[in-house]
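These notes are about the structure you will find just below.
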Amino acid sequence: MSETSNKRNTRAGLRKHDTSATLRNPKLVFKTFMECLEEGDGEAAREVLAASLWQLNKSRLERRYGIPRRTIYNLLTRKTAPSLDLVAKVCHAIREEVSRA
431 MSETSNKRNT
441 RAGLRKHDTS
451 ATLRNPKLVF
461 KTFMECLEEG
471 DGEAAREVLA
481 ASLWQLNKSR
491 LERRYGIPRR
501 TIYNLLTRKT
511 APSLDLVAKV
521 CHAIREEVSR
531 A
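Whatever position you read off the sequence shown (first residue = 1), add 430 for this note's numbering.
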């Protein structure tokens with residue numbers, strides 16, 4: 431980003447935001463996830479989980495929680511629809527991994 435555009439954004443009231451920090455907050459992730467489900471927006475709920483998964487070590491998820499890496503990548507790339515069992519495992523893994531960090 432050029433210095434000129436950075437100054438312009440600052441004057442417009444825009445601030446830099448680190449989305450990875452937001453996605454490492456399990457309370458916010460799950461609150462947003464539940465709001466998506468309550469509104470009937472399954473696609474947005476899936477995007478919330480996927481965005482949070484991008485922040486985590488996929489090999490460790492496989493070892494600790496029994497979620498195969500291929501399954502995680504299929505969820506991230508939307509190749510398959512996740513089962514309720516997978517969603518539950520992913521939610522548990524996100525909560526545990528984020529609390530360890």
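Idealized CB from N, CA, C, for every residue including glycine.
Determine the direct distance from the alpha carbon of residue j to that of residue i, and round the result to whole angstroms.
i: L516; j: I497; result: 8 Å
i: A518; j: K446; result: 33 Å
i: E469; j: L486; result: 27 Å
i: K461; j: R499; result: 25 Å
i: S529; j: A474; result: 24 Å
i: M464; j: D448; result: 22 Å
Looking only at C-alpha atoms, which of the options sits nearest to residue i?
i: A481; options: S513, N455, S529; result: N455
i: R525; options: T510, E465, R494; result: R494
i: G472; options: H522, V528, R508, R530; result: R508
i: A511; options: V528, L479, S529; result: L479
Less than 9 Å separating the beta-carbons of residue i and residue j?
i: L542; j: T452; result: Residue numbering for the chain in the displayed model covers 431 to 531; residue 542 lies beyond these limits and cannot be assessed.
i: R476; j: L514; result: no
By Cβ distance below 7 Å, which residues in the same chain neighbour residue i in space, the five residues on each side in sequence not counted?
i: I502; result: L483, K488, L491
i: L467; result: A475
If you drop the 5 nearest sequence neighbours on each side, which residues of the same chain put their C-beta closer than 6 Å to that of residue i?
i: V520; result: L479
i: E527; result: L486
Return the chain-ordered list of same chain residues with a C-beta closer than 8 Å to the C-beta of residue i, the five sequence neighbours on each side being excluded.
i: H522; result: Y495
i: S450; result: Q485
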